[in-house]
Structures are given as C-alpha cells and as structure tokens.
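Undergrad:
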Amino acid sequence: VTTMSNTKSIKVTKDDQRLINEFSNTLSKVKLLEMEVEELNIGLNNLVDAETEMMLIDVTADTRIPYKTGTMFALVKESDAQTLLECEKKRAEEEISRRIKEINKHNQKLQESKKNII
1 VTTMSNTKSI KVTKDDQRLI NEFSNTLSKV KLLEMEVEEL NIGLNNLVDA ETEMMLIDVT
61 ADTRIPYKTG TMFALVKESD AQTLLECEKK RAEEEISRRI KEINKHNQKL QESKKNII
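Numbering follows the UniProt record's numbering, in which position 52 of the sequence shown is assigned residue number 52; successive positions increment by one, without gaps.
1. Please report the distance separating the alpha-carbon of Met72 from that of Ile96.
2. Around the C-beta of Leu75, are 16 or more other C-beta atoms found within 10 angstroms, so that it is buried, or is it exposed?
3. Using a Cβ-Cβ cut-off of 6 Å (strictly less than) and excluding sequence neighbours within five positions of Thr63, which residues of its own chain qualify?
4. Hey, Val37 and Ile100: beta-carbon distance below 9 Å or not?
5. How is Thr13 classed by DSSP in three states: helix, strand or coil?
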C-alpha cells in the first residue's frame, strides 16, 4: 500500500501492516483488562463495605445474616459470613493482581512493538 502525504510516498509492507495489527490487538487487550480491573476493584470495595457493615451490627449467638451467593440469598451465621467475605476478597485481590500482571506484560509488548513500527 502506498499513500501520498505532502508529496512524500510511504510504502507500508505486509510486515509493517502485521506489526500495526499486532499493536492494535495488544492495545485492545490492555483496554479490556483495565476495564476488568476497574470492575473488580468496585466489587472489592463493595466487599470491604459489607465487612464494615457486619462489624457495626449487633451480633448474638444465633444471629443470621443474609448472604448473597449467585442469584439467591442464604441466611448464615455471622462467623460464616465473615469467612465467606474474606474468601471472596482474597479471590478478587488475586484476580486483580493477575490482570495487572497481564496488563504489564502487554504494555511491555507494546513498548517493544513501538520500536519496531517506528
């Protein structure tokens, strides 16, 4: 493909186009992962808020707390709810960490691609 820009002719080879496409695809992956991290952070903040609310309620030995799992609520003991929250928080933190590592890996690939494209 040849384009004209202010009387300069730039030839884009098949390899150039492949590099540009790889760059674009990698950038799209980064943007998607960043949106996922944002959503996971919102979920993690909600779990922290729920944990704080649980600390504020008056708990007796037989207090049951509604705990949402999937699309239903179950009444569970406060200690069980606390354990479930901790597990969900840990899972969310691990998912966030995993996605951030992927973002960093892709960003490094983008930096290398920029050198090859320029």
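Glycine included, every Cβ here is placed at the ideal spot set by N, Cα and C. Predicted model only: the values in this text are computed from it and were never measured.
TA: Once the coordinates are examined:
1. The sequence position of residue 72 within the sequence shown is 72, counting from 1. The sequence position of residue 96 within the sequence shown is 96, counting from 1. Cα to Cα, the separation comes out at about 25 Å.
2. Here residue 75 refers to the residue found at position 75 of the sequence shown. Exposed is the call here.
3. Position 63 of the sequence shown, counting from 1, holds the residue named residue 63. Around Thr63: Glu78.
4. Here residue 37 refers to the residue found at position 37 of the sequence shown. Here residue 100 refers to the residue found at position 100 of the sequence shown. In contact: Val37 and Ile100 (Cβ atoms closer than 9 Å).
5. Residue mapping note: residue 13 aligns to position 13 of the sequence shown, counting from 1. Residue state, collapsed to three classes: coil.
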